[in-house]
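Counting from 1, position 217 in the sequence shown corresponds to residue 216 in numbering that gives the first Met the number 0; the numbering is continuous, with no gaps.
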Amino acid sequence: MAFSDLREWLSFLENKSQLHRINAPVHWDEELGAVTRKALDQKLPALLFENIKDHQDTDCRRVFVSSLSNYDRVAWMLGLTEGTSAREIIQTVRERSKNPIKPLRVEEGPVKENIKLGKDIDLLKLPIPKWNPLDAGRYLMTFGGVVTKDPDTGIHNVGLYRCQVIDENTLGILMHPDKHHGRHFAKYAERNEPMPVALVLGWDQVLPFCAAAPYSHQVSEYDMMGAFRQRPVELIRCETIDLEVPASAEIVIEGFISTDPSDFVMEGPFGEFTGYYAGEKGLKPSIKVSCITYRNNPIFQGTLEGKPIVEDNVVESVNLSAYAWNTLDAMGIPDVTDVYCPLATGFGTNIRVQIKKGFQGHAKQVAAGLFAVQAGCFKNVIVVEEDIDIHDPIQVEWAFAYRVDAKEDGIVIFPGFPGSGLDPSTPPDIKDPHVHGRARWNRLLIDATRDWRFVPREQWAGHRYPPVVWYSDEMDQLTAKRWNEYGFKQKNEKS
Ligand SMILES: Cc1cc2nc3c(=O)[nH]c(=O)nc-3n(C[C@H](O)[C@H](O)[C@H](O)COP(=O)(O)O)c2cc1C
Ligand SMILES: [Mn+2]
0 MAFSDLREWL SFLENKSQLH RINAPVHWDE ELGAVTRKAL DQKLPALLFE NIKDHQDTDC
60 RRVFVSSLSN YDRVAWMLGL TEGTSAREII QTVRERSKNP IKPLRVEEGP VKENIKLGKD
120 IDLLKLPIPK WNPLDAGRYL MTFGGVVTKD PDTGIHNVGL YRCQVIDENT LGILMHPDKH
180 HGRHFAKYAE RNEPMPVALV LGWDQVLPFC AAAPYSHQVS EYDMMGAFRQ RPVELIRCET
240 IDLEVPASAE IVIEGFISTD PSDFVMEGPF GEFTGYYAGE KGLKPSIKVS CITYRNNPIF
300 QGTLEGKPIV EDNVVESVNL SAYAWNTLDA MGIPDVTDVY CPLATGFGTN IRVQIKKGFQ
360 GHAKQVAAGL FAVQAGCFKN VIVVEEDIDI HDPIQVEWAF AYRVDAKEDG IVIFPGFPGS
420 GLDPSTPPDI KDPHVHGRAR WNRLLIDATR DWRFVPREQW AGHRYPPVVW YSDEMDQLTA
480 KRWNEYGFKQ KNEKS
């Protein structure tokens, strides 16, 4: 199922009792962030703030948060039913991402209902939250899409990159050279031209979902959004720049990023996905806003990042699991039977892989495959065998306890990889981007598969590893048959 806009999604959530409207006045300055955090911790519905301090009379008065903060809502976004397991959601994402659907161009759309140019541009009229006490200011693009275009290929990229409000028409933007807006920026800098950029807020939730996913730079996220909604995205041209945006988006902020370092502005710190204030305060590229277009009574969308479990954890657990699994398959690494990035981390920092072990170095091959891709994800990998359910942390702990000896093949450190500058555990002296790209990471493999160098023993029934304590197949059948006789109900019987 495809949602035609944010409003259809909100009605859907409301019908499922998964949207809570807050009519009481709430301050954009920290209060909105604190309410969001508490609601997340209590597993409450997504929130629509409808009465924001200083914004009772501005054109934009509403803020929507925590949209995809559990797997049910990700399932609904994809047209699946509630209760769909994380594994099934990840499989759906993997499969659909193999069939991108190109967008359509349209001439009209509700995002053009209001067009503000020149002196009418005022970012301070948007109810942009200052989410946390130590944030450098008001932050947007925590859950939306930053659109840029590769000047060589014309491919649109949509990424999720934080932006800080500097003044009524200026934003600071976080930019790493290996992220796709950073790649585009380098090309514009070479041409000595400013880079056009469009910030899109509020549409079908596949927009922020895809904006947060690490696809190849040769693929447009618009095509991936089409794949997930199984219907093309309808795009409309921006007013002041040669970029295209969803025609039924709530808000689009158009502008230019100067490639002249004298136009850089101070940005950061910000409460990041790691759960820490990260990303050094420093000079970053700035966006000069050239136009803002929006629907009547538009809805601003954002998210609170931080300690688990927040929306970021949910979205990235799905995105990075699907990405890792498809990548391992594409590399030809055999017999990967499950992949899961647990909700405890964002951007796949920790990842679990289940394999049908075929040789002693199998887990090392998996880890090397994962470590070879994008910087900034897959720092700590644990590999287990197919009898361990990687969605069950107890089973994973059990494998770690009794299948790992901290020797050469159990714990392996792959030193000196490129990593993430936002990781608070990386010492500051190895974060120089001119040396390390972004930061230096030592990556970890925990090989929690059984060691094949053990010698088979008779007392282990000829196995090379002590057998797991369990009943026989014969007893399995017998007890299943007699289950009711013991006074129990069968699993599918109602009590
Ligand atoms: C809620 C959320 C916030 C994010 N914020 C940032 C950010 O501020 N800067 C950044 O570089 N990546 C951020 N990311 C991760 C990127 O969206 C991710 O790296 C994505 O792959 C970038 O798109 P690209 O691959 O087209 O460059 C965020 C992800 C999520 C889910
Ligand atoms: Mn991209």
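C-beta: ideal position from N, C-alpha, C; glycine also. Quick caveat: nothing in here was measured; it's all calculated off a predicted structure.
Worksheet item: What are the boundary residues of the alpha helix (DSSP H) that P432 is part of?
Response: Membership of P432 in the alpha helix (DSSP H) is indicated by the continuous run 432-435.
Discussion item. For E30, tell me which candidate among G347, A197, G418, W130 has the shortest Cα-Cα distance.
Written reply: Scanning G347, A197, G418, W130 for the CA closest to the CA of E30 turns up W130.
Worksheet item: Around the Cβ of D119, are there at least 16 other Cβ atoms within 10 angstroms (buried) or fewer (exposed)?
Response: Result: exposed.
Worksheet item: Is the CB-CB distance between T448 and V382 below 9 angstroms?
Response: Cβ atoms of T448 and V382: closer than 9 angstroms.
Fill in: Exposure of R61, with buried meaning 16 or more beta-carbon neighbours within 10 Å
R61 is buried by the Cβ-count criterion.
Discussion item. Let's test the definition: count the other Cβ atoms within 10 Å of the Cβ of G267 and tell me whether it reaches 16, buried, or not, exposed.
Written reply: Here G267 is buried: its Cβ has 16 or more other Cβ atoms, across all protein chains shown, within 10 Å.
Discussion item. Check this for me: beta carbons of I256 and I332, under 9 angstroms apart or not?
Written reply: Taking the C-beta atoms as reference points, I332 is found no nearer than 9 angstroms to I256.
Practice prompt. Check whether the Cβ of K283 sits closer than 8 angstroms to any heavy atom of ligand 1, and report yes or no.
Written response: Of the heavy atoms belonging to ligand 1, none sits nearer than 8 angstroms to the Cβ of K283.
Worksheet item: DSSP state of V205, grouped into three classes?
Response: If DSSP states are grouped into helix, strand and coil, V205 belongs with the helices.
Item to complete: Measure the beta-carbon distance from G357 to R437 and round it to whole angstroms, keeping in mind my assumption that it falls under 8 angstroms.
Response: Going by Cβ atoms, the distance from G357 to R437 rounds to 34 angstroms, so no, they are not a contact pair.
Discussion item. According to DSSP, simplified to helix, strand and coil, what is T152?
Written reply: Three-state result, T152: coil.
Worksheet item: If you count every other CB in all the chains shown that lies within 10 Å of the CB of Q204, and 16 or more means buried, which is it?
Response: Buried, because 16 or more other Cβ atoms sit within 10 Å of the Cβ of Q204.
Worksheet item: Closest to L122 by CA distance: which of H361, H54, Q90, F346 is it?
Response: Of the residues H361, H54, Q90, F346, the one whose Cα lies closest to the Cα of L122 is H54.
Fill in: Backbone CA spacing between D408 and V34 [nearest angstrom]
Taking the straight line from one Cα to the other gives about 46 angstroms.
Worksheet item: Less than 9 angstroms separating the beta-carbons of H19 and L47?
Response: Against a cut-off of 9 angstroms, the Cβ pair of L47 and H19 comes out as a contact.
Discussion item. In chain order, what are the residue ranges of uninterrupted beta strand (DSSP E) at least 3 long that sit wholly in the stretch 209-252?
Written reply: Listed in chain order, they are 233-236, 243-245.
Worksheet item: What whole-angstrom Cβ distance do I298 and F63 have, given they're in contact under 8 angstroms?
Response: Going by Cβ atoms, the distance from I298 to F63 rounds to 5 angstroms, so yes, they are a contact pair.
Worksheet item: Which whole-angstrom value describes the C-beta separation of A135 and K280, a residue pair presumed to lie in contact below a C-beta threshold of 8 angstroms?
Response: The pair is a contact, with the Cβ atoms about 7 angstroms apart (cut-off 8 angstroms).
Item to complete: Please name the residue or residues paired with F255 in a DSSP beta bridge.
Response: Beta-bridge analysis with DSSP links F255 to P195, K287.
Worksheet item: So what does P417 bridge to, in DSSP terms?
Response: DSSP lists R439 as partners of P417.
Item to complete: Closer than 8 angstroms by C-beta to L183: which residues in its own chain qualify, once you throw out the five before and the five after it? Chain order, please.
Response: Here residue 183 is His; the residue named in the question, Leu, does not match the sequence. Contacts found: T147, K148, D149, P150, N156, M194.
Item to complete: Mark F2 as exposed unless 16 or more other C-beta atoms lie within 10 angstroms of its C-beta, in which case mark it buried.
Response: Result: buried.
Fill in: Secondary structure of M265, DSSP reduced to three states
Looking at M265 - three-state DSSP - the assignment turns out to be strand.
Fill in: Three-state class that DSSP yields for A185 in the structure shown
In the structure shown, A185 sits in a helix (DSSP, three-state: H, G or I).
Worksheet item: According to DSSP, what are the bridge partners of H390?
Response: Answer is none; H390 lacks a bridge partner.
Worksheet item: Going by beta carbon distance, what residues of the same chain come within less than 8 angstroms of Q373, once the five residues before and after it are set aside?
Response: These residues qualify, in order along the chain: D177, P213.
Worksheet item: Hey, R86 and H462 are a contact pair by Cβ (cut 8 angstroms); roughly how many whole angstroms apart?
Response: Between R86 and H462 a beta carbon distance of about 28 angstroms is seen, past the 8 angstroms cut, so the two are scored as non-contacting.
Worksheet item: Among all residues, which have a Cβ less than 5 angstroms from at least one non-hydrogen atom of ligand 2, and in what chain order do they fall?
Response: Any residue whose Cβ sits closer than 5 angstroms to a heavy atom of ligand 2 makes the list: N156, H179.
Discussion item. Tell me whether P213, by its Cβ, gets closer than 8 angstroms to a heavy atom of ligand 1.
Written reply: For P213, the shortest separation between its Cβ and any heavy atom of ligand 1 lies below 8 angstroms.
Worksheet item: Taking buried to mean at least 16 other C-beta atoms within 10 Å of its own C-beta, is S16 buried or exposed?
Response: So S16 ends up on the exposed side.
Fill in: Per-residue DSSP class, three states only, for A85
Reduced to three states, the DSSP call for A85 is helix.
Item to complete: With H361 as the anchor, note down where its alpha helix (DSSP H) starts and where it stops.
Response: Counting along the chain, H361 sits inside the alpha helix (DSSP H) bounded by residues 361-371.
Worksheet item: Short check: CB of I240 to CB of L200, under 9 angstroms?
Response: Between I240 and L200, the gap from beta carbon to beta carbon reaches 9 angstroms or more.
Item to complete: Output yes or no for whether 9 angstroms exceeds the beta carbon distance between V145 and H180.
Response: At the C-beta level, V145 and H180 come within 9 angstroms of one another.
Fill in: Three-state class that DSSP yields for F399 in the structure shown
Of the three classes helix, strand and coil, the one that applies to F399 here is helix, per DSSP.
Worksheet item: Can you name, in chain order, every residue of its own chain whose Cβ lies under 6 angstroms from the Cβ of E384, other than the five neighbours on each side?
Response: Cβ contact annotation for E384 (same chain, cutoff 6 angstroms, sequence separation greater than five): K356, T448, in chain order.
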